[in-house]
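S.K.: Quick one: structure below, then a few questions.
Residue numbers (my numbering): 2 to 537.
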């Protein structure tokens, strides 16, 4: 009897996660482990940027409150639509986290709570954004600073609950096949939304949300799930992400136009993917190459693409000078992390002295007659500052522009105060000689753009008419063309007559010694403007 044939066995290859093979499988040495321990200790002790930040424990509490309030609201909408009590109870709803709360499984101090509200088909979009809809229910349960941004790329309902800033997106789960809603005599089966959806449930909901705004709302949840699936070590990724998010105050929040709250997770995940065995303290930031066929996509300076469809570029507003600022800070962070001296990882978390880093600053004063109008107006002006930076980059004498996206409440100079008139032209002319009065509380803020000049470079554009801005070499530069273009841009907002008809924006140039003393210390004042409504 012949011996049975032996099957050839193949050694199973080590699984490769992510989009490419790792560049190193080397484990950490003693120095790396010491730095990681120091970094983790720093993350436990260091507060977030800004005083009075909410503790992470509040995130779970606010989330549960939102789940209960939303469930009651969905049931009320269903009853008004003519459904029975049993049908609205079975329909259900779900709140899916995305962003840092989904990736870190906790709410970092000072972070927003980003959630997608998944509702059944009978809940209309108007019910979500109307004054008596979900916003009205949240206000009745203690919510504040409610703001509905319906005309955003992804419509959002912004509010504050329990001291936590919350962003709510809407996704309507429509029926995907005829058998889900079965007309029978006196009986209708309502499609259900799982209360605690898994990734499989979320993908199924995604296929049923056929409207583009609903699909875009769910994209963040799918991105978070895909990132956690691709990284080799979720623990190392979360520690690295906590570190870079905390250091946003150093090199992220001080760079407008980089969309760092969105791109930090893909960057940290990419670093974890390429260095599979590296501890968090050694995961330097890097970005992958992207070579799209579209000429528009090729024009992006720093493409960071989400790993799920629809694939979106998280950094489409990055400009030449803001990219230079970010590169300098990333290079400095790399040098600190590679140093053999102790404390290199924790040194990355130090704050940057923004208001003492440049010789001059462009001040964008934003003003409205009422606080409710100011919240809309401030958010709109901030969303267009990257356009202003792009226009300023046309001037060859400007080497670097460093926008500070946080709106700061400072007293406007007298020249700007005299321009802030809320009365008819005749009354304004009569009061022109009177002392300028300060704007009402909460109705004024200012955005600052640090300007770095390059002496003896290209001459100003031929259209320059005068010299309001001083360059380091004693010459001057007229930026009024770019300023007028920016003012016309923000004043042309089609929603302005309805949301903020009294909105005004005034620009001026301020030398560094002329800044208020509260700013030159390197920290924002305690009354820095609240940016809950600043994402358009």
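The beta-carbon is built from N, C-alpha and C at its ideal position, and this holds for glycine as well.
Computed from a predicted structure; not experimentally measured.
Could you name the residues of the same chain whose beta carbon sits closer than 7 Å to that of residue 363, not counting the 5 residues immediately before and after it, in chain order?
M.R.: 450, 452, 508, 510
S.K.: Over what stretch of residues does the alpha helix (DSSP H) that includes residue 76 continue unbroken?
M.R.: 58-81
S.K.: When DSSP labels each residue in this structure, what does residue 481 get in the three-state scheme?
M.R.: Three-state result, residue 481: helix.
S.K.: So what's residue 404 in DSSP terms, helix, strand or just coil?
M.R.: strand
S.K.: What is the DSSP secondary structure of residue 455, reduced to helix, strand or coil?
M.R.: coil
S.K.: Ends of the alpha helix (DSSP H) at residue 128?
M.R.: First-last of the alpha helix (DSSP H) with residue 128: 126-130.
S.K.: Which residues does DSSP pair with residue 361 in a beta bridge?
M.R.: 452, 512
S.K.: Measure the Cβ-Cβ separation of residue 101 and residue 172 and say whether it is below 9 Å.
M.R.: no
S.K.: Which value, in whole angstroms, describes the spacing of the CA atoms of residue 517 and residue 121?
M.R.: 53 Å
S.K.: Give the DSSP-derived three-state secondary structure of residue 84 in the structure shown.
M.R.: coil
S.K.: May I have the straight-line CA-CA distance separating residue 236 from residue 118, to the nearest angstrom?
M.R.: 28 Å
S.K.: Compare the beta carbon distance of residue 130 and residue 156 with 9 Å and say whether it is the shorter of the two.
M.R.: Yes. Within cutoff.
S.K.: Answer yes if the segment 86-100 comes into contact with the segment 31-45, meaning at least three C-beta pairs across the two stretches below 8 Å, and no otherwise.
M.R.: Contact between the segment 31-45 and the segment 86-100 is absent, because fewer than three Cβ pairs lie under 8 Å.
S.K.: Check the DSSP bridge columns for residue 166 and list the partner residues they point to.
M.R.: 161
S.K.: Does the distance from the C-beta atom of residue 490 to that of residue 385 stay below 9 Å?
M.R.: yes
S.K.: Return the Cβ separation of residue 160 and residue 146 in integer angstroms, given the expectation that the two are a contact with Cβ distance under 8 Å.
M.R.: 6 Å
S.K.: Could you work out which residue in 169, 505, 442 is closest to residue 412 when comparing CA atoms only?
M.R.: 442
S.K.: Once you ignore the five residues that flank residue 1 on each side, which residues in its own chain have a CB closer than 6 Å to its CB?
M.R.: No answer is possible for residue 1: the residues shown for the chain start at 2 and end at 537.
S.K.: Bridge partners of residue 174, per DSSP?
M.R.: 121
S.K.: Going by beta-carbon coordinates alone, are residue 63 and residue 165 separated by less than 9 Å?
M.R.: yes
S.K.: Is it true that the CB of residue 168 sits closer than 9 Å to the CB of residue 115?
M.R.: If you check the CB distance, residue 115 and residue 168 come in under 9 Å.
S.K.: Between which residues of its own chain and residue 447 is the CB-CB distance below 8 Å, once the five residues before and five after are set aside?
M.R.: Sequence-distant partners of residue 447 (beyond 5 residues in either direction) whose C-beta falls short of 8 Å from its own C-beta, in its chain, are 364, 365, 366, 367, 408, 409, 410, 411, 413.
S.K.: Pull up the distance between the alpha-carbon of residue 515 and that of residue 355, whole angstroms please.
M.R.: 15 Å
S.K.: Excluding five sequence neighbours on each side, which residues of the same chain lie with their C-beta closer than 8 Å to the C-beta of residue 320?
M.R.: 258, 302, 387, 390, 391, 394, 402
S.K.: Based on Cα-Cα distance, which residue from 170, 139, 504, 137 lies nearest to residue 150?
M.R.: Per the Cα distances, 170.
S.K.: Looking at the structure shown, is residue 375 part of a helix, part of a strand, or coil, going by DSSP?
M.R.: DSSP, reduced to helix, strand and coil, places residue 375 within a helical segment of the structure shown.
S.K.: Since residue 60 contacts residue 107 with CB under 8 Å, what's their CB separation in whole angstroms?
M.R.: 6 Å
S.K.: Is the distance from the Cβ of residue 481 to the Cβ of residue 360 below 9 Å?
M.R.: With contacts defined by Cβ atoms closer than 9 Å, residue 481 and residue 360 do not form a contacting pair.
S.K.: Alpha carbon to alpha carbon, how far is residue 399 from residue 326?
M.R.: Between residue 399 and residue 326, the C-alpha separation is close to 13 Å.
S.K.: Per DSSP, what are the beta-bridge partners of residue 96 in this structure?
M.R.: 118.
S.K.: Counting C-beta neighbours from all protein chains within 10 Å, is the total for residue 36 16 or more, i.e. buried, or is it exposed?
M.R.: The C-beta of residue 36 has 16 or more other C-beta atoms within 10 Å across all chains shown, which makes the residue buried.
S.K.: How should residue 28 be labelled, buried or exposed, when 16 other C-beta atoms within 10 angstroms of its C-beta is the threshold for buried?
M.R.: Counting Cβ neighbours within 10 Å, residue 28 comes out exposed, since fewer than 16 surround it.
S.K.: I'd like the span of the alpha helix (DSSP H) that includes residue 140, first residue to last.
M.R.: 135-141
S.K.: Take the Cβ of residue 498 as the centre, count every other Cβ of all protein chains shown within 10 Å, and call the residue buried at 16 or more, exposed below.
M.R.: So residue 498 counts as exposed.
S.K.: Assign residue 147 to one of three DSSP states: helix, strand, or coil.
M.R.: Reduced to three states, the DSSP call for residue 147 is strand.
S.K.: Reducing DSSP to helix, strand and coil, say where residue 506 ends up.
M.R.: strand
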